[in-house]
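Quick notes on the structure that follows.
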Amino acid sequence: MTMRTVYVNGEYLPENEAKVSIFDRGFLMADGVYEVTSVLDGKLIDFEGHAVRLQRSLDELDMASPIAKDDLLEVHRELVRLNGVNEGMIYLQITRGAPADRDFAFPDPETTASTIVLFTQNKPGLADNPAAKKGMKVISIDDIRWGRRDIKTVQLLYPSMGKMMAKKAGVDDAWMVQDGFVTEGTSNNAYIVKGNKIITREASPDILKGITRTAVLRFAREAQMEVEERNFTIEEARGADEAFITSASTFVMPVVEIDGVALGDGTPGRVAPRLREIYLEESLKTAV
Ligand code: PMP
């Protein structure tokens with residue numbers, strides 16, 4: 081990969097010159113939050129939604145924001161420009177900064193500034209992803225994450241382990257299950273389709289309320305599809321007509337197999353591909 085220009089604490093630097101302290105609480109304690117915003121046609125998709133959720137994550141953790149929203153948009157745009165990104169993602173992370181030593185108690189925000197880092201990920205062909213034509217396979221695993229999954233923190237060890245369990249099982253991802261009900265995918269929201277009805281778990285501290293989820297549910301309702309926000313089991317999912325996931329980097333992606341059981345005829349159905357089309361078309365209209 082060619083050398084990227086990244087952003088760290090107010091400076092644009094070549095990626096190999098950007099540095100963060102070993103005392104940074106993101107590194108020592110996973111005391112940080114993040115956002116991933118996709119870029120299509122050189123423009124930011126759903127920037128407003130990501131900026132609002134970022135502020136909420138910061139507020140829930142009593143973490144100071146090191147940047148105003150307008151400036152954040154400018155940094156995103158500048159990185160897209162400097163790195164010539166046409167299709168891809170921008171990763172943003174804010175941590176509680178680097179106090180002078182390791183201590184469980186939060187440092188005083190007056191003396192320890194938050195750390196902010198942004199970098200681009202160039203992904204040509206993101207919208208035309210061939211995986212969307214084939215659909216993906218998932219396994220189910222226990223959801224043993226902490227109880228505040230509505231905050232987008234960088235504690236991603238269990239989701240990483242879930243991805244590795246999926247890889248080992250020869251599939252693409254894992255759906256997590258808590259008390260018998262599906263919560264979400266390792267890095268995406270989970271849905272099933274029965275007839276013309278789209279079913280997904282309701283927003284709560286059990287899941288991350290996806291920015292893509294909010295948009296897709298709105299577009300689905302506008303297209304006269306029925307949406308039911310409720311719990312569902314893996315058994316119900318295996319008997320569904322279709323299933324799919326949503327996230328900022330995959331948009332809408334059909335799921336064609338759960339725990340070795342093919343859904344329908346094992347190919348993407350009618351609803352998920354249609355929602356993908358609608359999402360890509362509509363979200364570009366408000367891209368900035
Ligand atoms: N759930 C989890 C656990 C995630 O990590 C993500 C993506 N980061 C999502 C859902 C989807 O959220 P979004 O649509 O905002 O990318």
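Oh and the sequence shown: position 151 is 231 in my numbering, straight run, nothing missing. Here a beta-carbon is modelled for each residue, glycine too, at the ideal position from N, C-alpha and C. Remember, predicted model here, so these are calculated numbers, not experimental data.
Could you tell me which of the options sits nearest to residue i, measuring between CA atoms?
{"i": "G319", "options": "L134, E309 and L343", "result": "L343"}
{"i": "A180", "options": "S101, S220, E302 and G168", "result": "S101"}
{"i": "S363", "options": "A131, R350, R298 and T280", "result": "R298"}
{"i": "E264", "options": "R136, V88 and D230", "result": "D230"}
{"i": "A193", "options": "R176, K203 and T200", "result": "R176"}
{"i": "E357", "options": "I338, P334 and A246", "result": "P334"}
{"i": "R354", "options": "K365, F324 and A367", "result": "F324"}
{"i": "A148", "options": "L159, A131 and M109", "result": "A131"}
{"i": "L152", "options": "L108, V116 and S284", "result": "V116"}
{"i": "V119", "options": "M109, S145, N202 and L172", "result": "N202"}
{"i": "I338", "options": "E309, Y271 and N311", "result": "Y271"}
{"i": "K247", "options": "Q258, V273 and S220", "result": "S220"}
{"i": "R161", "options": "Q258, G122 and T280", "result": "G122"}
{"i": "Y359", "options": "V368, D345, T326 and V336", "result": "T326"}
Under three-state DSSP, which class holds residue i?
{"i": "G242", "result": "helix"}
{"i": "N202", "result": "strand"}
{"i": "T175", "result": "strand"}
{"i": "E72", "result": "Past the boundaries of the shown model lies residue 72; the chain is included only from 81 to 368, so the question cannot be answered."}
{"i": "K123", "result": "strand"}
{"i": "G168", "result": "strand"}
{"i": "Q235", "result": "coil"}
{"i": "G260", "result": "coil"}
{"i": "E190", "result": "coil"}
{"i": "A131", "result": "helix"}
{"i": "L141", "result": "coil"}
{"i": "L364", "result": "helix"}
{"i": "M216", "result": "strand"}
{"i": "F107", "result": "helix"}
{"i": "V155", "result": "helix"}
{"i": "P353", "result": "helix"}
In whole angstroms, what separates the C-alpha of residue i from that of residue j?
{"i": "V218", "j": "Q135", "result": "32 Å"}
{"i": "I196", "j": "G290", "result": "22 Å"}
{"i": "V332", "j": "A352", "result": "7 Å"}
{"i": "A249", "j": "W226", "result": "25 Å"}
{"i": "L93", "j": "K99", "result": "10 Å"}
{"i": "E91", "j": "E154", "result": "13 Å"}
{"i": "D286", "j": "V262", "result": "10 Å"}
{"i": "K243", "j": "A254", "result": "6 Å"}
{"i": "T200", "j": "M169", "result": "6 Å"}
{"i": "N269", "j": "N209", "result": "18 Å"}
{"i": "E361", "j": "E306", "result": "20 Å"}
{"i": "I164", "j": "V341", "result": "Looking at the sequence shown, residue 164 is not Ile but Gly. Each residue's alpha carbon lies about 42 Å from the other."}
{"i": "N89", "j": "R310", "result": "41 Å"}
{"i": "A178", "j": "Q235", "result": "17 Å"}
{"i": "G260", "j": "V273", "result": "19 Å"}
{"i": "E167", "j": "S267", "result": "20 Å"}
{"i": "L172", "j": "A207", "result": "21 Å"}
{"i": "R293", "j": "I224", "result": "22 Å"}
Buried or exposed, going by whether 16 or more other CB atoms sit within 10 Å of the CB of residue i?
{"i": "M143", "result": "buried"}
{"i": "I185", "result": "The amino acid at residue 185 is misidentified as Ile; the sequence shows Ala. Exposed is the call here."}
{"i": "K232", "result": "buried"}
{"i": "M216", "result": "buried"}
{"i": "E128", "result": "exposed"}
{"i": "R182", "result": "exposed"}
{"i": "L237", "result": "exposed"}
{"i": "N96", "result": "exposed"}
{"i": "P348", "result": "buried"}
{"i": "A328", "result": "buried"}
{"i": "S240", "result": "exposed"}
{"i": "M83", "result": "exposed"}
{"i": "G205", "result": "exposed"}
Any chance the CB of residue i is under 7 Å from a heavy atom of the ligand ZN?
{"i": "I287", "result": "Judged by which ligands are present, the ligand ZN is missing from the structure shown, whose ligands are the ligand PMP."}
**OP:** Can you check the region 270–319 for any beta strand (DSSP E) of at least 3 residues that lies completely inside it and give the ranges in chain order?
**Re:** The DSSP assignment places complete beta strand (DSSP E) segments of no fewer than 3 residues inside the region 270–319 at 277–280 and 306–309, in order along the chain.
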